[in-house]
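A.B. asks: Under the working numbering, think of the first position of the sequence shown as 17, with each following residue one higher.
Sharing a structure below in structure tokens format, with a few things to ask.
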Amino acid sequence: MLVLWFLVVGFTLLLLVGVSSFYFLGVDYFVILNNFVAAEGGLGVSDFLCVAMLLFCGCISLLFSLHYFGWSHSNLNIMICLFLGVMVGLVFSEDYLSSLFWWEYLGVVSFFLILYYSNFDTLFAGNSTIVASRGGDVGFFIIICYAFGGYELCFMGIISAFLIILTKSAVLPFCSWLLEAMRAPTPVSCLVHSSTLVAAGVWFVSCYGYLLLGCFQSNILMMLCLITILVSGCSAMAFSDIKKIVALSTCNNISWCLVYYLLGSPILSIYQLVCHGVGKCMLFISVGDSLSSAGGSQNKGCFTLVPANSLLGFCGILLLSVSVAGFPFLGVFFTKHAMLNTLFSSGGFLMSLVVFMCIFVSYSYSSRLVFLIVSPNGVNQGWLSNSYYFLSSLIVLCGLFGYLEMGGLEELDEITWLYSFLILNLNLFGVYFGYYLYRCQFGGSYYASFGSNDDNIIGYIEAFLKFGFINSVFFNFRSEVNIISAIFSMKGDNIIRVASVPVFVSVMLFIGLI
Numbered sequence: 017m018l019v020l021w022f023l024v025v026g027f028t029l030l031l032l033v034g035v036s037s038f039y040f041l042g043v044d045y046f047v048i049l050n051n052f053v054a055a056e057g058g059l060g061v062s063d064f065l066c067v068a069m070l071l072f073c074g075c076i077s078l079l080f081s082l083h084y085f086g087w088s089h090s091n092l093n094i095m096i097c098l099f100l101g102v103m104v105g106l107v108f109s110e111d112y113l114s115s116l117f118w119w120e121y122l123g124v125v126s127f128f129l130i131l132y133y134s135n136f137d138t139l140f141a142g143n144s145t146i147v148a149s150r151g152g153d154v155g156f157f158i159i160i161c162y163a164f165g166g167y168e169l170c171f172m173g174i175i176s177a178f179l180i181i182l183t184k185s186a187v188l189p190f191c192s193w194l195l196e197a198m199r200a201p202t203p204v205s206c207l208v209h210s211s212t213l214v215a216a217g218v219w220f221v222s223c224y225g226y227l228l229l230g231c232f233q234s235n236i237l238m239m240l241c242l243i244t245i246l247v248s249g250c251s252a253m254a255f256s257d258i259k260k261i262v263a264l265s266t267c268n269n270i271s272w273c274l275v276y277y278l279l280g281s282p283i284l285s286i287y288q289l290v291c292h293g294v295g296k297c298m299l300f301i302s303v304g305d306s307l308s309s310a311g312g313s314q315n316k317g318c319f320t321l322v323p324a325n326s327l328l329g330f331c332g333i334l335l336l337s338v339s340v341a342g343f344p345f346l347g348v349f350f351t352k353h354a355m356l357n358t359l360f361s362s363g364g365f366l367m368s369l370v371v372f373m374c375i376f377v378s379y380s381y382s383s384r385l386v387f388l389i390v391s392p393n394g395v396n397q398g399w400l401s402n403s404y405y406f407l408s409s410l411i412v413l414c415g416l417f418g419y420l421e422m423g424g425l426e427e428l429d430e431i432t433w434l435y436s437f438l439i440l441n442l443n444l445f446g447v448y449f450g451y452y453l454y455r456c457q458f459g460g461s462y463y464a465s466f467g468s469n470d471d472n473i474i475g476y477i478e479a480f481l482k483f484g485f486i487n488s489v490f491f492n493f494r495s496e497v498n499i500i501s502a503i504f505s506m507k508g509d510n511i512i513r514v515a516s517v518p519v520f521v522s523v524m525l526f527i528g529l530i
């Protein structure tokens, strides 16, 4: 417990250092104008925030790893430290070659982290993950060949940039690997698959996006990100696997980070990434400990009603879930508020409507997740009763961090009282709709839940649930696995022909470099 108190004090000092960095690094103000956030000075602010997030999430994950394995000796912590070192090296890399070096090591270390349990399921998950990530690695290599060869980016270069962003950020159609990666130990998931590995795509866009993405490419990527937000949110409202719902939430929020950048707000994108990473890391820890207390099952049916001595843990999960969704004055609320200001100033009605739908979906699946976890099912084994859940109260500091970082933001006030009222009611209706979905799926019919019978509403809800099930097919369709299976099902001559294509392309690119 003493270690946890020291951790709280350390994180508080980290917040103070982060706020002071805006002045010591020369960041005077931010101006949102014409969909662009310009930072005057302070080129190292993004790097500082990313490293601070890595260190905080890393310390929390290491402590949780000791708690998760009963404070016994485990080699997992060594691999986690190695992964953190690789991520820090990637953040501080300043050119294509050094970035590629750390990028390759990132994929290798994450592969071995997934294989920790050494069984068939983890082997399948690790292979699916590394096959999906290799697409981004090849794209990175091709971009470097173009850069050092002095060529302008053509169609192949644009496709390579898309491969890097889509694979590492778990954007459709390369999103299934994130669900497969949930087979890794929970301490790995709370670090690697919440705030670090999936953040590599956002980091790449923030560093090199201005060189690779034009107007047309940005519009295509924006469309894919918004589709990912909607599909992942609807899928999270159809899944009953708790850990996969949290993974879908990660997929949803990483796409939000890309949306911020594509709207012309790179600084807001980093802020969203940091706030989400810290909150999601602690949410993974809260859910993971409850999973282990429920006998290791990830299904909703194994959870139980929160006991009286677990009030702190329940409040922690509640605050963590709604803060990741953007509940007022918590977590990512401040970044979403600034994003809506930017969006309304552009005057795009259709775009605003789609963003409203995405916000509604985010609140719906978050509230459903809370009700799934605290529902009276299964056998109680005393989950949330230990002192480790004191960490959940740190979410208040996440909200404080969001408030402080937005304090230096000079913005155009484009949200009128009517829009504010609409957004507030949209949030409340999203929470109600998530509870309503939970009651329809696990708590009886609409008639039993609310004392009236409305066949039309029941039909709409059933149609929505079917739509959510169809959306979940996207996340269960392993395109990368099907590609590998198709290659290995070929005969020997066909395999040689297929394998010779990338070799030929690589040789021609190196000839161009010479």
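Ideal Cβ positions, reconstructed from N, Cα and C, are used throughout, including at glycine.
All figures in this text were calculated on a predicted structure; none of them were measured in a lab.
Let me know if Met239 comes out buried or exposed under the rule of 16 or more other beta-carbons within 10 Å of its beta-carbon.
C.D. replies: Taking the sequence shown and counting its residues from 1, one reaches residue 239 at position 223. With fewer than 16 other Cβ atoms within 10 Å, it is exposed.
A.B. asks: Give the secondary structure of Phe153 by DSSP, where H, G and I count as helix, E and B as strand, and everything else as coil.
C.D. replies: If you number the sequence shown from 1, residue 153 lands on position 137. The residue you asked about is not Phe; residue 153 is Asp in the sequence shown. Three-state DSSP puts Asp153 in a helix.
A.B. asks: From the DSSP output, in three-state form, read off Asp257 for me.
C.D. replies: Position 241 of the sequence shown holds residue 257. The answer is strand: DSSP assigns Asp257 an E or B state.
A.B. asks: Helix or strand or just coil, what does DSSP make of Leu188?
C.D. replies: The sequence position of residue 188 within the sequence shown is 172, counting from 1. Coil, per DSSP.
A.B. asks: When you compare each of Thr183, Val303, Val377, Cys291 to Met69 by their alpha carbons, which one comes out closest?
C.D. replies: Looking up residue 69 in the sequence shown gives position 53. The candidate whose alpha carbon is nearest that of Met69 is Cys291.
A.B. asks: Can you grab the Cα-Cα spacing for the pair Leu278 / Gly152, in whole Å?
C.D. replies: By 1-based counting over the sequence shown, the position of residue 278 is 262. By 1-based counting over the sequence shown, the position of residue 152 is 136. Distance between the alpha carbons of Leu278 and Gly152 is about 20 Å.
A.B. asks: Would you be able to state if there are at least three C-beta pairs under 8 Å between the segment 213-225 and the segment 241-255?
C.D. replies: Touching, no.
A.B. asks: Got a sec? Which residues, its chain only, sit under 6 Å from Tyr381 by beta carbon, not counting five neighbours each side?
C.D. replies: Within the sequence shown, numbered from 1, the residue matching residue 381 stands at position 365. Same-chain partners within the cutoff: Gly249, Ala252, Met253.
A.B. asks: With distances taken Cα to Cα, identify the nearest neighbour of Leu131 among Ile96, Gly155, Trp119.
C.D. replies: Here residue 131 corresponds to residue number 115 of the sequence shown, with the count starting at 1. With distances taken between Cα atoms, Leu131 lies closest to Ile96.
A.B. asks: How long is the line joining the alpha carbons of Gly280 and Phe445, rounded to whole angstroms?
C.D. replies: Within the sequence shown, residue 280 is the residue found at index 264, counting from 1. Within the sequence shown, residue 445 is the residue found at index 429, counting from 1. So the two alpha carbons sit approximately 29 Å from each other.
A.B. asks: Provide the residue span of the alpha helix (DSSP H) that contains Tyr121, from first to last.
C.D. replies: Stepping through the sequence shown from its first residue, residue 121 is reached at position 105. First-last of the alpha helix (DSSP H) with Tyr121: 112-130.
A.B. asks: Report yes if the CB atom of Ala7 is closer than 8 Å to the CB atom of Leu194, and no otherwise.
C.D. replies: Because residue 7 is not part of the residues shown, which for the chain are 17 to 530, the question remains open.
A.B. asks: Between Phe108 and Leu98, what straight-line distance do the alpha-carbon atoms span, to the nearest angstrom?
C.D. replies: Against the sequence shown, residue 108 aligns to sequence position 92. Against the sequence shown, residue 98 aligns to sequence position 82. Straight-line Cα distance between these residues: approximately 16 Å.
A.B. asks: In whole angstroms, what separates the C-alpha of Phe449 from that of Arg384?
C.D. replies: Within the sequence shown, residue 449 is the residue found at index 433, counting from 1. Within the sequence shown, residue 384 is the residue found at index 368, counting from 1. Near 8 Å, if we compare the C-alpha coordinates of Arg384 and Phe449.
A.B. asks: What do you reckon, are the CB atoms on Leu453 and Phe376 nearer than 8 Å?
C.D. replies: As a first step, residue 453 is located in the sequence shown; it is residue number 437 there, counting from the start. As a first step, residue 376 is located in the sequence shown; it is residue number 360 there, counting from the start. Cβ distance not < 8 Å, so Leu453 and Phe376 don't count as in contact.
A.B. asks: Check whether the Cβ of Val370 lies closer than 7 Å to any heavy atom of the ligand SAM, and answer yes or no.
C.D. replies: Of ligands this structure carries none, so the ligand SAM is not represented either.
A.B. asks: Cα separation between Tyr133 and Cys66?
C.D. replies: Within the sequence shown, the letter at position 117 stands for residue 133. Within the sequence shown, the letter at position 50 stands for residue 66. Taking the straight line joining both Cα atoms gives about 29 Å.
A.B. asks: Between the C-alpha atoms of Gly123 and Met103, what's the straight-line distance to the nearest angstrom?
C.D. replies: Here residue 123 is taken as the residue at index 107 of the sequence shown, counted from 1. Here residue 103 is taken as the residue at index 87 of the sequence shown, counted from 1. Using only the alpha carbons, I get a separation of about 11 Å.
A.B. asks: Does the CB of Ile389 have a neighbour CB from chain D at under 8 Å?
C.D. replies: Looking for chain D here will not work: only one protein chain is present.
A.B. asks: Quick check on the burial criterion: 16 or more other C-beta atoms within 10 angstroms. Buried or exposed for Cys267?
C.D. replies: Taking the sequence shown and counting its residues from 1, one reaches residue 267 at position 251. So Cys267 ends up on the buried side.
A.B. asks: Return helix, strand or coil for Gly142, following the three-state DSSP convention.
C.D. replies: The sequence position of residue 142 within the sequence shown is 126, counting from 1. Three-state DSSP puts Gly142 in a helix.
A.B. asks: With distances taken from CA atoms, which of Ile286, Ala215, Ile181, Pro282 is nearest Ile236?
C.D. replies: By one-based count along the sequence shown, residue 236 stands at place 220. Ranking the options by Cα distance to Ile236, first place goes to Ile181.
A.B. asks: Am I right that Gly293 and Cys73 are in contact with their C-beta atoms under 8 Å? What's the rounded C-beta distance?
C.D. replies: In the sequence shown, counting from the first residue as 1, residue 293 sits at position 277. In the sequence shown, counting from the first residue as 1, residue 73 sits at position 57. Their Cβ separation, rounded to whole angstroms, is 6 Å, which keeps Gly293 and Cys73 in contact under 8 Å.
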